[in-house]
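*Asks:* Here it is, the structure, as structure tokens.
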Amino acid sequence: MGNVPGMASVRTGLGPVHFVERGQGLPVVLLHANLHDHRDYGGVLDGLAEHFRVLAPDWPGHGASGPIPPGRTVGAGELADVLVDFTDRLDPGPAVLVGNSVGGFAAARLAITHPERVAGLVLVNSGGFTRRGPHVALGTRLLGRPGIYRRVSPFLVPRYMAPRTEEDRRITAETVARGSSGTGARTAAGLWRSFGHTSFDLRPLAARITAPTLVAFGRRDIVFTRGAGRQTRAAIPGARLRTFDTGHVVFASDPAGFLAEVLPFAEAAHRAARGAAA
Numbered sequence: 001m002g003n004v005p006g007m008a009s010v011r012t013g014l015g016p017v018h019f020v021e022r023g024q025g026l027p028v029v030l031l032h033a034n035l036h037d038h039r040d041y042g043g044v045l046d047g048l049a050e051h052f053r054v055l056a057p058d059w060p061g062h063g064a065s066g067p068i069p070p071g072r073t074v075g076a077g078e079l080a081d082v083l084v085d086f087t088d089r090l091d092p093g094p095a096v097l098v099g100n101s102v103g104g105f106a107a108a109r110l111a112i113t114h115p116e117r118v119a120g121l122v123l124v125n126s127g128g129f130t131r132r133g134p135h136v137a138l139g140t141r142l143l144g145r146p147g148i149y150r151r152v153s154p155f156l157v158p159r160y161m162a163p164r165t166e167e168d169r170r171i172t173a174e175t176v177a178r179g180s181s182g183t184g185a186r187t188a189a190g191l192w193r194s195f196g197h198t199s200f201d202l203r204p205l206a207a208r209i210t211a212p213t214l215v216a217f218g219r220r221d222i223v224f225t226r227g228a229g230r231q232t233r234a235a236i237p238g239a240r241l242r243t244f245d246t247g248h249v250v251f252a253s254d255p256a257g258f259l260a261e262v263l264p265f266a267e268a269a270h271r272a273a274r275g276a277a278a
């Protein structure tokens with residue numbers, strides 16, 4: 001893929017990743033969910049960019065980034081590797097990472113494997129820290145089949161999004177449309193299959209997370225429930241939980257409420273990181 005107006009790109013192990021950059025100062029990185037893209041953060045990007053240098057990439061196979069290389073199966077672990085490459089190439093310094101869903105998994109794994117790169121974590125309806133019962137294993141196996149995902153997504157996406165704003169409805173419609181294509185269904189199914197792998201369970205490693213962590217959960221999400229929010233908070237030392245009356249993409253449903261929590265958190269996390277480095 002060539003240049004995309006308004007976006008820059010970096011090379012990763014899964015090909016070029018395009019990203020938006022706004023603002024100046026200390027870095028904040030915004031990571032989106034499965035079959036979504038960086039535009040999910042449109043309602044909060046300018047508010048964050050008034051205070052920080054904001055980097056918002058599209059995962060490989062998503063948005064403006066290039067397609068997933070032929071023959072490659074991409075799961076959550078591969079996206080976490082892409083985040084390592086992304087921070088390698090750009091070297092923004094310790095960043096506050098805001099990760100939604102699989103983006104939260106990637107952010108948390110970076111905090112475990114490369115703690116020097118992470119000033120703070122904001123995990124938004126994030127995977128990686130919930131108990132894995134038989135129903136979870138069955139759901140990931142079924143949704144890990146492209147044909148099943150393609151049939152189920154028109155019903156599943158509106159349920160987890162619980163749309164209440166025009167932006168929610170746009171995100172819902174576009175995510176459903178992507179999942180209706182063969183390429184989109186294969187991409188989504190590959191990620192869903194990976195959610196059933198033992199490597200997706202970060203709880204055994206969560207004590208290694210030393211960055212300040214804010215767990216933001218939308219209580220109307222049927223996939224990542226309020227119980228998942230409590231489990232995430234319990235797994236990560238010192239994490240704080242804030243629950244919103246929204247679906248999966250909290251910052252699209254309640255941008256003002258999200259910014260009210262995240263701006264002071266990010267400022268405090270960066271102050272603490274600078275103090276520790278002094």
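Following the UniProt record's numbering, the numbering of the sequence shown begins with 1 at its first residue and continues without gaps.
Ideal Cβ placement from N, Cα and C applies to all residues, glycine included.
#1: Under the DSSP definition of a beta bridge, which residues are partnered with Pro27?
#2: For a minimum of 3 consecutive residues, which ranges assigned as the beta strand (DSSP E) are wholly contained in the segment 102-127?
#3: Could you say which of Leu97, Gly15, Pro264, Val136 lies nearest to Thr198 if we only look at CA atoms?
#4: Could you give the uninterrupted runs of the beta strand (DSSP E) lying entirely in the segment 162-223, keeping only those of 3 residues or more?
#5: Less than 8 Å separating the beta-carbons of Arg117 and Thr140?
#6: Give every residue of the same chain whose Cβ lies closer than 6 Å to the Cβ of Pro264, excluding the five residues on either side of it in the sequence, and list them in chain order.
#7: Apart from the five residues just before and just after Arg240, which ones in its own chain have a Cβ nearer than 6 Å to its Cβ?
#8: Would you kindly report the start and end of the unbroken beta strand (DSSP E) that includes Arg39?
#9: Between which residues of its own chain and Arg186 is the CB-CB distance below 7 Å, once the five residues before and five after are set aside?
#10: Taking the C-alpha atoms as reference points, what is the distance between Gly2 and Arg22?
#11: Under the DSSP definition of a beta bridge, which residues are partnered with Ser9?
#12: How would you call Phe251, buried or exposed, if buried means at least 16 neighbouring beta carbons within 10 angstroms?
#13: Which residue or residues does DSSP assign as beta-bridge partners of Val98?
#14: Measure from the alpha carbon of Ala228 to the alpha carbon of each residue in Gly133, Gly190, Pro27, Gly182, then state which is nearest.
#15: So, are the CB atoms of Leu123 and Gly104 less than 8 Å apart?
#16: Short of 6 Å in beta carbon distance, which residues of its chain neighbour Ala64, apart from the five on each side in sequence? Order them along the chain.
#17: For the alpha helix (DSSP H) containing Leu35, name the first residue and the last one.
#18: If you follow the beta strand (DSSP E) that Arg240 is part of, which residue opens it and which one closes it?
#19: Between which two residues does the alpha helix (DSSP H) harbouring Val136 extend?
#20: Measuring only the C-alpha atoms, how far is Thr113 from Asp91?
#21: Specify whether the segment 200-217 and the segment 174-188 touch according to this definition: at least 3 beta carbon pairs, one from each stretch, less than 8 Å apart.
#22: Closest to Ala119 by C-alpha separation, out of Arg230, Ala177, Leu97, would be which residue?
*Replies:* Short version:
#1: In the DSSP assignment, the residues bridged to Pro27 are Arg53.
#2: 118-124
#3: Val136
#4: 213-218
#5: For Arg117 and Thr140, no; Cβs fall outside 8 Å.
#6: none
#7: Leu214
#8: Neither: Arg39 is in no beta strand (DSSP E) and is coded neither H nor E.
#9: Pro146
#10: With a pLDDT of only 47 at Gly2, under 50, the local geometry of the prediction cannot be trusted, and the value read off the model is given with reservation. Looking at the two C-alpha atoms, the distance is approximately 21 Å.
#11: His18
#12: buried
#13: Leu30, Val122
#14: Gly133
#15: yes
#16: Taken in chain order, the residues that qualify are Val4, Met7, His18, Asp58.
#17: Following the DSSP letters along the chain, one finds Leu35 in no alpha helix (DSSP H), marked with neither H nor E.
#18: 240-244
#19: That run of the alpha helix (DSSP H) goes 134-143.
#20: 16 Å
#21: no
#22: Leu97
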